[in-house]
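Notes to accompany the following structure.
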Amino acid sequence: MTWVLDLTGIFVFAISGALAGVRTRLDVVGMAVLAFFTAVGGGILRDVFLGVQPAALHDAGYVLVPLVAAGIVFFWHPQVTRLLPSILIFDAAGLGLFCATGTEKALLFGLSPLHAVLLGVVTAVGGGVLRDVLSGQRPTLLYDRQLYAVPAFVGAFTLAALFEFGVRGPLAVLAAAVLAFGLRFLAMR
Amino acid sequence: MTWVLDLTGIFVFAISGALAGVRTRLDVVGMAVLAFFTAVGGGILRDVFLGVQPAALHDAGYVLVPLVAAGIVFFWHPQVTRLLPSILIFDAAGLGLFCATGTEKALLFGLSPLHAVLLGVVTAVGGGVLRDVLSGQRPTLLYDRQLYAVPAFVGAFTLAALFEFGVRGPLAVLAAAVLAFGLRFLAMR
Amino acid sequence: MTWVLDLTGIFVFAISGALAGVRTRLDVVGMAVLAFFTAVGGGILRDVFLGVQPAALHDAGYVLVPLVAAGIVFFWHPQVTRLLPSILIFDAAGLGLFCATGTEKALLFGLSPLHAVLLGVVTAVGGGVLRDVLSGQRPTLLYDRQLYAVPAFVGAFTLAALFEFGVRGPLAVLAAAVLAFGLRFLAMR
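Protein chains in written order, with numbering that gives the first Met the number 0: chain A, 0 to 188; chain B, 0 to 188; chain C, 0 to 188.
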């Protein structure tokens, strides 16, 4: 279940990376590279900091899903662009999910709640920062008018608080993810 | 003792990161992100290369001190900017300290003096490079007119030489740090 | 033998990094930094992802060869620039070699062929991406008109296929490297 939600997050982040490639007129290879690092960059940073091999190196889905997303954008990007509002919704869902799963993984590795929240936010926003740096743009994360880091922080904090009070597992992840998603969704309007 | 000096270095580097955020008109979230990565970026790179979990993930000070620094700059940046000359002095102290402690940590992990010096310099300059790349500027490290990398190299080399001749511990760290600080201070005038 | 070829790749990538420093008017310290990260950046990323200490921290050649290359470019860059066509050939040889050795190392660490190919490409192109980001340019990798990522992918795929069919060792590495080199060479014409 978590795996399905995780790949959903991977997929929508990859779409946003590939679309950034379209906007800056990359060819299909560049789009695939951007899609891949946008989708798995945050998780790779989290795992490198935790000192474990990135999950993206053990699961074929983490490689194939971004490539599929890049292919979809390459062939049908006018249609995808028309759907952008709903993609932003999926992107918010990915943000919510990744801040929750990233925080949980860090807590399971024995980090303190403070540091687990930090890693959860890194997981949620890391891919977007890599996308922006590689695209030659200043990271949108640094301009938080649209509230990007704050919902991730609230979601990570909620997960850590639930975890400390003994509420663990998929339900806690979903609760934190939905809260972060809701805040992000309200901030976009 | 080393821990206090370390957090002092963290603090002054965080101030410089937050001020870079002010100059590029970031909001408070962007300032906190820049402050954090400027302060702990070099140490995180060092620890990732050494294959250990970053110290920043085990000590609350590494997270809270950059946040406090960002808060100070956010509320009082006119006053902080007026104090800039003395902040540059603290920044030079941080550079000196980090090149010494970074080299020592690498030597204690069994690296050769050559590679330990390399990691010491990475520890000292890494945070500033991250700050510049995230701010969309070319790293000032690459333009060494103001002598930034050279003092760090001299300090790291001195620490490694002392270590090899059996002079170890806080005194060796302080000697190397003071030497690098002095060179950097002279270069700024 | 592999070690000699590896340092040859390090050397030519370092030359390309130092020349990028000349083009953007860096001083000698900046040139050395760019040369070093261009040459060993891809391998460092590969080793960090694999969870092992970077080879660049255990072998003096990985540090000294980039410094020598930077020195050569600093003192004789007009002559080096005149030789640029042949340097591009060496760069293509480095690309070919690194995609093959990177993929082999990942397979020997037990990664699946899919992920080993991914790491092989990262090894081959990572240094160039770091060079471009540090130079304040958008990575040329993203604009693949000159076919940079594709030859690396073909070489990595070939090495993985040979490995899976039991053809291993230096001969397999050389076969894959020559194929990637040939494709890159044809694409440059």
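In this text, a Cβ means the ideal position worked out from N, Cα and C, and glycines have one as well.
- In the structure shown, the three-state DSSP call for valine 62 of chain A is helix.
- Across the structure, threonine 7 of chain C and glutamate 163 of chain A are spaced so that their CA atoms are roughly 53 Å apart.
- Under the three-state reduction of DSSP output, valine 79 of chain B falls in the helix class.
- Under the Cβ criterion (8 Å, minimum of three pairs), the region 128 to 140 of chain A counts as touching the region 127 to 146 of chain C.
- Under the three-pair Cβ rule at 8 Å, the region 154 to 161 of chain A counts as touching the region 173 to 184 of chain A.
- For histidine 114 of chain C, the enclosing alpha helix (DSSP H) has its first and last residue at 112 to 133.
- Residues of chain A with a Cβ closer than 8 Å to the Cβ of glycine 181 of chain C do not exist, since the nearest Cβ in that chain sits about 19 Å away.
- Residues of the region 137 to 151 of chain A with a C-beta less than 8 Å from any C-beta of chain B: Arg137, Pro138, Leu140, Leu141, Tyr142, Asp143, Arg144, Ala148 and Val149, listed in chain order.
- For valine 51 of chain A, no alpha helix (DSSP H) encloses it, and the DSSP letter there is neither H nor E.
- By the neighbour-count criterion, in which 16 or more other beta carbons inside 10 Å mark a residue as buried, glutamine 78 of chain C falls on the exposed side.
- When 9 Å is used as the limit between beta carbons, leucine 185 of chain C is near no residue of chain A, the shortest such separation being about 17 Å.
- When C-beta atoms of the region 31 to 48 of chain C are compared with those of the region 62 to 69 of chain C, three or more pairs fall below 8 Å, so the two segments count as touching.
- An exposed status is given to histidine 57 of chain C, since fewer than 16 other beta-carbon atoms sit within 10 Å of its beta-carbon.
- Annotation: valine 153 of chain A has no Cβ neighbours in chain B at a cutoff of 8 Å; minimum Cβ distance is about 12 Å.
- Annotation: Cβ neighbours of glycine 50 of chain B in chain C (cutoff 8 Å, chain order): Gly50, Val51 and Gln52.
- By the 16-neighbour rule on beta-carbons within 10 angstroms, leucine 96 of chain C is buried.
- In this structure, the alpha-carbon of tryptophan 2 of chain C lies about 10 Å from that of isoleucine 9 of chain C.
- Within the region 109 to 136 of chain A, those residues whose Cβ lies closer than 9 Å to any Cβ of chain C are, in chain order, Val132, Leu133, Ser134 and Gly135.
- Around valine 47 of chain A, the beta-carbon contacts reaching into chain C at under 8 Å are Val47 and Phe48.
- Here alanine 148 of chain B is near valine 28 of chain C, since their CB atoms are less than 7 Å apart.
- Excluding residues up to 5 positions away in sequence, Gly29, Met30 and Leu33 lie with their Cβ nearer than 6 Å to the Cβ of glycine 20 of chain A in the same chain.
- For the 7 Å CB-CB criterion, alanine 105 of chain A and alanine 115 of chain A form a contact.
- Counting other Cβ atoms within 10 Å of its Cβ, threonine 102 of chain B reaches 16 or more and is therefore classed as buried.
- Excluding the 5 residues flanking it on each side, threonine 23 of chain A has same chain C-beta neighbours closer than 8 Å at Ser134 and Gly135, in chain order.
- Comparing alpha-carbon positions, the option among C/Pro53, C/Leu110 and C/Gly125 lying closest to phenylalanine 12 of chain C turns out to be C/Gly125.
- Assigned with DSSP and collapsed to three states, phenylalanine 162 of chain C falls in helix.
- Taken atom to atom, the span from the alpha-carbon of tryptophan 75 of chain A to that of alanine 17 of chain C is near 41 Å.
- Every alpha helix (DSSP H) stretch that sits fully inside the region 3 to 52 of chain A and reaches 4 residues is listed by chain position as 27 to 49.
- Looking at the backbone, the Cα of proline 53 of chain B and that of glycine 41 of chain B are separated by about 10 Å.
- The contact set of glycine 29 of chain B on chain A, defined by CB atoms closer than 8 Å, consists of Leu140, Leu141, Tyr142 and Asp143 in chain order.
- Minimum Cα-Cα distance from phenylalanine 89 of chain C among the listed residues C/Val72, C/Leu44 and C/Ser15 corresponds to C/Ser15.
- Taking C-alpha positions only, phenylalanine 184 of chain A is separated from glycine 50 of chain B by approximately 38 Å.
- At a cut-off of 7 Å, the C-beta of alanine 38 of chain B has no neighbouring C-beta in chain A.
- When C-alpha distances from alanine 179 of chain C are compared across C/Tyr142, C/Gly93, C/Leu4 and C/Asp5, the shortest belongs to C/Gly93.
- At a Cβ-Cβ threshold of 7 Å, tyrosine 61 of chain C and alanine 69 of chain C do not count as neighbours.
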